[in-house]
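Q: If you scroll down you'll find the structure; I have some questions about it.
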Amino acid sequence: MQDFSDKLSNYLKNNKLAKDYSSDLIISGKNPWELRMILSWKEIGKLEISSFELEDIWALRDWWINTLSYDNRRFHPLFPCDNRTERYIVNHFKNTKNRKYITFNAWLLKEDLGFNNEIIGHFYLMNYDSDKPNFGLGISDKFQGKKLGVFFIIMIIYIAKILGKKSLWLTTDLDNNKGYSLYKKIGFEDSGNTEVYIPADNYMRVEREMKLDLNKY
Numbered sequence: 005m006q007d008f009s010d011k012l013s014n015y016l017k018n019n020k021l022a023k024d025y026s027s028d029l030i031i032s033g034k035n036p037w038e039l040r041m042i043l044s045w046k047e048i049g050k051l052e053i054s055s056f057e058l059e060d061i062w063a064l065r066d067w068w069i070n071t072l073s074y075d076n077r078r079f080h081p082l083f084p085c086d087n088r089t090e091r092y093i094v095n096h097f098k099n100t101k102n103r104k105y106i107t108f109n110a111w112l113l114k115e116d117l118g119f120n121n122e123i124i125g126h127f128y129l130m131n132y133d134s135d136k137p138n139f140g141l142g143i144s145d146k147f148q149g150k151k152l153g154v155f156f157i158i159m160i161i162y163i164a165k166i167l168g169k170k171s172l173w174l175t176t177d178l179d180n181n182k183g184y185s186l187y188k189k190i191g192f193e194d195s196g197n198t199e200v201y202i203p204a205d206n207y208m209r210v211e212r213e214m215k216l217d218l219n220k221y
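Counting from 1 along the sequence shown, just add 4 to a position and that's the residue number in the numbering used here.
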């Protein structure tokens, strides 16, 4: 994958959404686990998208606890919201370092304003070494509706293709009509309902399962 960053850069520079919403794109990294991307995003500002690192743990906790609504967390039940939060985030990090996940944080860069940078988005590819890789994403409430989610999905699609995957899968809450419509628009097809284990709450729930044929991309 020594040409990973160059290939991703060329791909995004020729993607309509990326061209319409981003500028000043700089990408480095020999593979997805070493990715670092700097760009400016329309109506948001300067962003950094980079692989999940140990020092990100507390910022990711703040993102999860303080910037997502109840519904946002319910549709994306990655971590609990209690004294187990840190443990789940550490496990998430370990899965990234052990290369079970490919995980990214999207940071809003605020150096010029004298504030600390903050995570405004988080997305990842799981089971990428299987025939059924699946992804998830979450975006802070105040940054929704600005096409960031679509951009994250575009990145995951390209990375999955680089890894030789033929399809990409997701599950979504039955009440997540907005997300469902977005996934359909991108090209995901409904594969019916399936039971999904929610470790953060230790129960099974029924979700929609959707599949994207990567041969069409």
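By construction, the Cβ of each residue, glycine as well, lies at the ideal position given by its N, Cα and C atoms.
Name, in chain order, the residues that DSSP records as bridge partners for ARG209.
A: ARG209 pairs with VAL200.
Q: Does the beta-carbon distance from THR89 to ILE69 come in below 8 angstroms?
A: Going by C-beta atoms, THR89 is nearer than 8 angstroms to ILE69.
Q: Report the option in LEU167, GLY153, ASN181 whose CA atom is closest to the CA atom of ASP7.
A: If we check each option's Cα against that of ASP7, LEU167 comes out closest.
Q: So, for MET41: in the same chain, excluding its five sequence neighbours on each side, which residues have a beta-carbon less than 6 angstroms away from its beta-carbon?
A: Correct list, in chain order: ILE31, ILE53.
Q: Checking the sheet assignment: what are the DSSP bridge partners for ILE108?
A: Checking the sequence, you will find Phe at residue 108 rather than Ile. Answer by DSSP bridge pairing, in chain order: SER55, PHE127.
Q: Taking one C-beta from the segment 159 to 179 and one from the segment 130 to 140 each time, how about it: are there three or more such pairs within less than 8 angstroms?
A: Short answer: they touch.
Q: Can you give me the Cβ contacts of GLY183 inside the same chain, cut-off strictly under 6 angstroms, excluding the 5 residues immediately before and after it?
A: Here the set comprises THR176.
Q: For a quick check, are the C-beta atoms of GLY191 and LEU216 less than 8 angstroms apart?
A: Their beta carbons are under 8 angstroms apart, which means GLY191 touches LEU216 by this criterion.
Q: Quick check on TYR74: buried or exposed, where buried means 16 or more other Cβ atoms within 10 Å of its Cβ?
A: Counting Cβ neighbours within 10 Å, TYR74 comes out exposed, since fewer than 16 surround it.
Q: Between SER44 and the rest of its own chain, which residues show a CB-CB distance below 8 angstroms, the 5 nearest in sequence each way excluded?
A: Correct list, in chain order: SER26, SER27, ASP28, LYS50, LEU51.
Q: Expressed to the nearest angstrom, what Euclidean distance is found between the alpha-carbon atoms of ARG103 and TRP37?
A: For ARG103 and TRP37, the distance between alpha carbons rounds to 8 angstroms.
Q: Quick one: residues in its chain with C-beta nearer than 8 angstroms to the C-beta of PHE79, no 5 flanking neighbours on either side, listed in chain order?
A: If we look at PHE79 and ignore the five residues flanking it on each side, its Cβ neighbours are THR176, ASP177, ASP179, ASN180, GLY183.
Q: Short check: CB of ILE163 to CB of ILE106, under 8 angstroms?
A: Contact: yes.
Q: Could you give the residue range of the alpha helix (DSSP H) that holds ILE161?
A: Unbroken alpha helix (DSSP H) run through ILE161: 152 to 166.
Q: What did DSSP end up calling SER9 once you bin it into helix, strand or coil?
A: In this structure, SER9 counts as helix in the three-state DSSP scheme.
Q: Assign ASN206 to buried or exposed, taking buried as 16 or more other Cβ atoms, counted over all protein chains shown, within 10 Å of its Cβ.
A: Burial call: exposed.
Q: Within the same chain, show all residues whose beta-carbon is closer than 7 angstroms to that of ASN219, passing over the 5 residues directly before and after it, in chain order.
A: The answer, listed in chain order, is LYS170.
Q: Nearest-angstrom Cα distance between GLY33 and ASP66?
A: Near 27 angstroms, if we compare the C-alpha coordinates of ASP66 and GLY33.
Q: Is the beta carbon of PHE155 closer than 8 angstroms to that of PHE108?
A: Cβ atoms of PHE108 and PHE155: not closer than 8 angstroms.
Q: Taking 7 angstroms as the limit between beta carbons, can you name the residues of its chain near ALA63, skipping five residues before and five after?
A: Cβ neighbours of ALA63 beyond the five flanking positions: GLU122, ILE123.
Q: Would you check if the distance between the CB atom of LEU112 and the CB atom of ILE48 is smaller than 8 angstroms?
A: Yes; because the gap between Cβ atoms is below 8 angstroms, this pair is in contact.
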